[in-house]
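Just so you know, UniProt numbering puts 116 at position 116 of the sequence shown, and the rest follows in order with no gaps.
Don't be surprised by glycine CBs; every beta carbon is placed ideally from N, CA and C.
The structure appears below as structure tokens.
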Amino acid sequence: MNIFKIALFGSQGSGKGTQAKMLSEKYNLPILATGDIFRKEIKNETDLGKLVSSLIKDGKLVPDEITVKIVLRELCGEKYKNGFILDGFPRNIAQSNELEKENGLTHVFELEIGDEEVKRRLSDRRICSKCGAIYSLTVKPSKQESICDSCDGALILREDDKPEAIQKRLNIYRKETKPVLNFYKEKGKVVKVDGAQSIEKVFEDICKAIEK
Ligand code: AP5
1 MNIFKIALFG SQGSGKGTQA KMLSEKYNLP ILATGDIFRK EIKNETDLGK LVSSLIKDGK
61 LVPDEITVKI VLRELCGEKY KNGFILDGFP RNIAQSNELE KENGLTHVFE LEIGDEEVKR
121 RLSDRRICSK CGAIYSLTVK PSKQESICDS CDGALILRED DKPEAIQKRL NIYRKETKPV
181 LNFYKEKGKV VKVDGAQSIE KVFEDICKAI EK
């Protein structure tokens, strides 16, 4: 049996969360999305949620000692033993070093889009406040305005999808996350995908590379 340990990279709004969901359904793989974990903690007003809330709102990274611990503990769970999809992790070299000690990735995808497209997509994005499903006012609208198709939750704009936070997140991506891609490029594991194509075409390109 092939075990896929996939990580999706790409700047904010490049479509990582959207593609992770589709890949999870197709290959029956669990998703570990650090952003989703933190947003859930914030929503539930847990101690962790209170700790990370202002960092995320400001577009900053959550400290490695918190993030790495959560991810490595989670990956020890039974549900990840036959593979997984990482969305939003690793995000800097320290995180990738920790991940690779236990869980070498088999596939690394880099979804490429330009900054103008990032800004357009993030201002159009709405997420479900209940289940986290991702929508877009333009390319993936909900059937009923502002209501989630799957759980009837209210659709909201993410706190970090405001212009000031977006620019900070883009800067962090270039400075901290791009070097991680170089690390995986040296191992010959990175497949670049044109993230500006339609959602379906991006998905097709990723699947082709997985099945090659
Ligand atoms: P996280 O939740 O990981 O956010 P992100 O990396 O900024 O990525 P996004 O969720 O914004 O975008 P995406 O690429 O998933 O795009 P999506 O599919 O939604 O992290 C949030 C925060 O948590 C971080 O800033 C940090 O504070 C913290 N954090 C998380 N991980 C961490 C870590 N490892 N270490 C430390 N801190 C961490 O798509 C965007 C929109 O575009 C949607 O509306 C969608 O419908 C639309 N769309 C998608 N694909 C297409 C397409 N092909 N064409 C047109 N529209 C499209």
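Where the beta strand (DSSP E) containing residue i begins and where it ends
i, result
"Asp115", "From DSSP, Asp115 is part of no beta strand (DSSP E) but of the alpha helix (DSSP H) over Asp115 to Asp124."
"Ser136", "Ile134 to Ser136"
"Lys5", "Phe4 to Gly10"
Per-residue DSSP class, three states only, for residue i
i, result
"Cys148", "coil"
"Ala33", "strand"
"Ser24", "helix"
"Val193", "strand"
"Ile70", "helix"
"Phe89", "coil"
"Leu105", "coil"
"Lys140", "strand"
"Leu61", "coil"
"Gly17", "helix"
"Cys207", "helix"
"residue 228", "This structure cannot settle anything about residue 228, because the visible part of the chain is limited to 1 through 212."
"Lys175", "helix"
Residue i: first and last residue of the uninterrupted alpha helix (DSSP H) it sits in
i, result
"Ser96", "Ile93 to Glu102"
"Ile166", "Pro163 to Ile172"
"Glu186", "Lys178 to Glu186"
Residue environment, residue i, which counts as buried when at least 16 other CB atoms sit within 10 Å
i, result
"Lys5", "buried"
"Asp194", "exposed"
"Gly77", "exposed"
"Leu157", "exposed"
"Asp161", "buried"
"Gly17", "buried"
"Arg174", "exposed"
"Ser198", "exposed"
"Asp47", "exposed"
"Ile166", "buried"
"Val139", "exposed"
"Arg54", "Sequence check: residue 54 is Ser here, not Arg. Its Cβ having fewer than 16 others within 10 Å, Ser54 is exposed."
Check: residue i C-beta below 8 angstroms from any heavy atom of ligand 2
i, result
"Leu23", "Looking for ligand 2 in the displayed structure turns up nothing; the ligands present are ligand 1."
For residue i: DSSP bridge partner residues
i, result
"Gly83", "Phe4"
"Ile127", "Ile134 and Ile156"
"Glu45", "In the DSSP output, where bridge partners are listed per residue, Glu45 has none listed."
"Leu111", "Gly10 and Val193"
Cβ contact check for the region 19 to 29 and the region 62 to 71: 3 or more pairs under 8 angstroms: Because the criterion of three Cβ pairs below 8 angstroms is not met, the region 19 to 29 and the region 62 to 71 do not touch.
Quick test of the definition: if touching needs 3 or more C-beta pairs under 8 angstroms, does the region 123 to 135 touch the region 73 to 87? By the Cβ rule, the region 123 to 135 does not count as touching the region 73 to 87, because fewer than three pairs are nearer than 8 angstroms.
Contact the region 101 to 115 vs the region 36 to 45: 3+ CB pairs below 8 angstroms: The region 101 to 115 and the region 36 to 45 do not touch, with fewer than 3 CB-CB distances between them shorter than 8 angstroms.
Does the region 129 to 136 come into contact with the region 148 to 156, if we say contact requires no fewer than three beta-carbon pairs (one atom in each stretch) closer than 8 angstroms? These segments touch.
Is it true that the region 104 to 111 meets the region 136 to 144, where meeting means three or more beta-carbon pairs spaced less than 8 angstroms apart? Because the criterion of three Cβ pairs below 8 angstroms is not met, the region 104 to 111 and the region 136 to 144 do not touch.
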